[in-house]
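What follows is one structure encoded as structure tokens, with my remarks underneath.
Number of protein chains: 2
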Amino acid sequence: MNPKELTDLSRLCIHTITVKPWNIEEAAKKFSAAGVKGITVWRDTLEGRNIKQTGKMLREQGLTIVSSCRGGFFPGKDERKRKAAIDDNRRAIDEAAELGTAILVLVCGADPTQSLEDSRKQIQDGIVALLPDAAAAGVRLAIEPLHPMYADTRSAINTLSQANDMAEALHSPWVGVAVDVYHLWWDPCLGREIKRCGENGNLLAFHVCDWKVPTTDLLLDRGLMGEGCIPLKKIRGWVESAGFNGFNEVEIFSSAWWKEDQSGFLHKIIHAYREYV
Amino acid sequence: MNPKELTDLSRLCIHTITVKPWNIEEAAKKFSAAGVKGITVWRDTLEGRNIKQTGKMLREQGLTIVSSCRGGFFPGKDERKRKAAIDDNRRAIDEAAELGTAILVLVCGADPTQSLEDSRKQIQDGIVALLPDAAAAGVRLAIEPLHPMYADTRSAINTLSQANDMAEALHSPWVGVAVDVYHLWWDPCLGREIKRCGENGNLLAFHVCDWKVPTTDLLLDRGLMGEGCIPLKKIRGWVESAGFNGFNEVEIFSSAWWKEDQSGFLHKIIHAYREYV
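In order, the protein sequences belong to chains V and Y. Last residue of the first sequence: 277 in this note's numbering, with the numbers rising by one and none dropped. Last residue of the second sequence: 554 in this note's numbering, with the numbers rising by one and none dropped.
Structure, rendered in structure tokens:
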């Protein structure tokens with residue numbers, strides 16, 4: 001169950017949002033110069049750009065485009081809202097294909113004016129509606145279970161068990177799951193559910209950061225790896241034992257870190273990756 | 278599964294911390310005058326008081342002392358810390374007995390410098406150590422599973438399933454579970470686990486408040502019932518179908534509500550209780 005030793009940066013991916021103050025061109029140059037090999041692109045960084053050209057630029061910097069963030073937000077009491085979400089997800093799938101990445105991460109959404117059960121059904125219906133588009137584009141949809149503290153508006157899928165259930169029910173080569181330690185570290189069933197996720201061929205992505213003690217903001221106080229209490233090596237061990245051999249993606253939303261010099265922060269990310277992941 | 282109609286306040290209990298600006302004497306007078314029938318006493322309100330006399334005072338106001346809050350905080354890497362926690366829990370049991378309540382609520386604790394598995398084992402060991410004291414005092418210990426966002430320092434027991442597992446493993450008439458909607462509303466297994474909790478005779482307490490959208494603080498931004506998105510009537514229906522017929526306890530930590538006039542807040546609690554619980 002021990003994770004493989006991370007002797008180099010060949011499996012290190014960083015999300016563009018982790019270094020939010022940088023635009024995508026700057027992030028690409030800096031990642032590449034530092035030896036980082038993967039990038040996950042948040043859609044906002046593509047605004048006003050030719051997406052195919054941007055994908056080419058990233059590859060020319062030696063970066064693998066690990067995934068695109070994010071689609072989802074399917075639920076809504078209002079049918080028009082749900083249809084608009086499907087349309088936006090179709091655009092997200094097209095963008096992912098143009099960019100040249102094989103994975104679109106889904107933050108599934110929730111509508112606090114209706115039951116979680118209704119939101120969950122609408123999430124599943126939304127993904128079903130997208131399956132032909134995903135297949136045509138060659139883009140896999142990764143259901144990301146979110147921490148229960150986001151069950152009001154961000155996701156009605158709050159455990160890996162739920163994400164596994166849904167992925168297995170959909171039973172499509174175009175649907176899988178993204179495992180993020182921040183959302184799932186507390187779950188007593190995590191080891192078992194990671195194993196199940198891998199065995200069923202659904203483990204598409206692995207996101208790391210840390211849970212700070214104390215955490216002072218529900219959204220923007222994620223920690224750099226090693227700053228908090230998440231057993232990163234143990235979880236990476238489970239993920240790798242389940243057959244995952246892809247990138248370890250650093251996804252940190254942090255008002256505090258975004259205020260710092262981002263080059264210094266990138267240096268710290270690389271150090272923390274070698275030391276704590 | 279529909280909950281019983283709440284035609285009066287005979288099952289309304291309010292936690293002293295809900296009206297934190299009031300001391301216990303003032304809370305008792307105001308609750309009594311408003312027709313509230315139950316009070317749950319937080320231990321800090323007893324400081325500097327004769328506990329037996331305080332219990333007598335509460336009963337003379339016509340109040341049932343539903344439970345005492347709180348024992349727990351068992352885990353610690355340091356053995357001395359764990360022993361000190363046991364000692365403090367023994368005092369809490371004695372205080373509960375002196376006060377004249379049959380339930381002590383346990384916020385079980387967690388130590389972020391060790392694994393959740395270690396913390397869980399220490400919680401169970403701590404409760405085992407207290408069983409003779411609980412039996413001698415006639416005080417039942419209610420394991421309260423806490424929201425996963427508190428898994429770092431407040432509780433390594435984060436789902437009702439875990440609390441049920443532990444209560445069933447301990448298999449003692451002096452151990453049960455407290456169900457708090459704030460901590461558990463998001464859980465897809467909640468209905469099933471409430472049923473299990475009741476069937477095994479472990480459902481000792483039911484706490485209500487609401488989850489605000491958005492929630493701006495991890496600890497002190499709980500909502501008054503009706504202010505948020507928790508399906509209170511549905512959950513009360515489950516709890517009552519599981520055989521629970523005790524008090525509905527209003528437990529709200531809220532910097533915003535504590536700033537308001539507490540008499541006005543009490544009036545709003547009673548209105549919200551009739552309308553939304």
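Just so it is clear, CB atoms sit at the ideal spot from N, CA and C, and this is done for glycine as well. Note that the coordinates shown come from a computational prediction; the quantities given were computed from them, not determined experimentally.
Local conformation of residue i per DSSP, three classes
i: Y:L340; result: coil
i: Y:I400; result: helix
i: Y:L495; result: coil
i: Y:D410; result: helix
i: Y:W534; result: helix
i: V:G55; result: helix
i: Y:L289; result: strand
i: Y:C346; result: strand
i: Y:S392; result: coil
i: V:G223; result: strand
i: Y:K306; result: helix
i: V:K233; result: helix
i: V:G228; result: strand
i: V:K4; result: coil
i: Y:K489; result: strand
i: Y:H448; result: coil
i: Y:N300; result: coil
i: Y:R326; result: coil
i: V:G198; result: helix
i: Y:V405; result: helix
i: Y:F542; result: helix
i: V:D87; result: helix
i: Y:K358; result: helix
i: V:D187; result: coil
Contacts around residue i, its chain only, beta-carbon distance under 6 angstroms, and the 5 residues preceding and following it disregarded
i: V:W185; result: I230
i: V:I17; result: W42
i: V:V181; result: V208, I230 and I235
i: Y:K472; result: A519
i: Y:W488; result: G505, C506 and I507
i: Y:C474; result: N441, V454 and L480
i: V:G72; result: L106, V107, C108 and G109
Supposed close pair residue i, residue j - CB separation, criterion 8 angstroms
i: Y:V527; j: Y:L509; result: About 11 angstroms; that fails the 8 angstroms criterion.
i: V:R90; j: V:S68; result: Actually they do not touch by this definition, with Cβ atoms about 13 angstroms apart.
i: Y:R347; j: Y:V382; result: 5 angstroms
i: Y:I434; j: Y:R397; result: 7 angstroms
i: V:A272; j: V:L224; result: 5 angstroms
i: V:F253; j: V:L220; result: 5 angstroms
i: Y:I399; j: Y:R359; result: The residue asked about is misnamed: residue 399 of chain Y is Gln in this sequence, not Ile. The Cβ separation is near 6 angstroms, so the contact holds.
Which residues DSSP lists as bridging residue i, in chain order
i: V:F206; result: V:V179 and V:N248
i: V:A142; result: V:V105 and V:G176
i: V:H147; result: DSSP, once it has assigned bridges, lists no residue as partnering V:H147.
i: V:V41; result: V:S68
i: Y:G312; result: Answer is none; Y:G312 lacks a bridge partner.
i: V:S241; result: According to DSSP, which records beta bridges pairwise, V:S241 is partnered with nothing at all.
i: V:S161; result: According to DSSP, V:S161 bridges with nothing at all.
i: V:S319; result: Because residue 319 of chain V is not part of the residues shown, which for chain V are 1 to 277, the question remains open.
7 angstroms CB neighbourhood of residue i in its chain, flanking five on each side removed
i: V:L99; result: V41, I51, T54, G55, I65 and S68
i: V:D152; result: A110 and P112
i: V:K4; result: E240
i: V:M226; result: According to the sequence provided, residue 226 of chain V is Gly. The question's Met does not apply to it. These residues qualify, in order along the chain: D210, A272, E275 and Y276.
i: Y:L574; result: The shown model of chain Y, from 278 to 554, leaves out residue 574 of chain Y, and the question about it has no answer.
8 angstroms Cβ shell around residue i - same chain, five flanking residues per side excluded
i: Y:W515; result: M278, L467, G468, I471 and K472
i: Y:F308; result: I291, I316, Q338, L340 and L543
i: V:N200; result: N164, A167 and E168
i: Y:N300; result: T322
i: Y:G415; result: A374 and A379
i: V:A256; result: D221
i: Y:M426; result: L495
i: Y:E372; result: R320, L323, I328 and S345
Under 7 angstroms (Cβ pairs) to chain Y, residues found in the stretch 58 to 81 of chain V: Residues of the stretch 58 to 81 of chain V whose Cβ lies closer than 7 angstroms to any Cβ of chain Y: none.
Positions along the stretch 502 to 527 of chain Y whose CB lies within less than 7 angstroms of some CB in chain V: Against chain V - using a Cβ distance shorter than 7 angstroms - the residues of the stretch 502 to 527 of chain Y are C506 and P508.
Near-chain Y residues of the stretch 141 to 155 of chain V - C-beta to any C-beta below 8 angstroms: For the stretch 141 to 155 of chain V, which is checked against every Cβ of chain Y, the residues closer than 8 angstroms are H147, P148, M149, A151, D152 and T153.
Interface residues of the stretch 88 to 117 of chain V facing chain Y [CB-CB below 8 angstroms]: The residues in question are P112, T113, S115 and L116.
At a CB distance below 8 angstroms, what residues from the stretch 170 to 188 of chain V approach chain Y? Give them in sequence order. Within the stretch 170 to 188 of chain V, the qualifying residues are W185, W186, D187 and P188.
In chain order, what residues of the stretch 476 to 492 of chain Y put their CB closer than 9 angstroms to some CB of chain V? Taking 9 angstroms as the Cβ-Cβ cut-off against chain V, the residues of the stretch 476 to 492 of chain Y that qualify are W488, K489, V490, P491 and T492.
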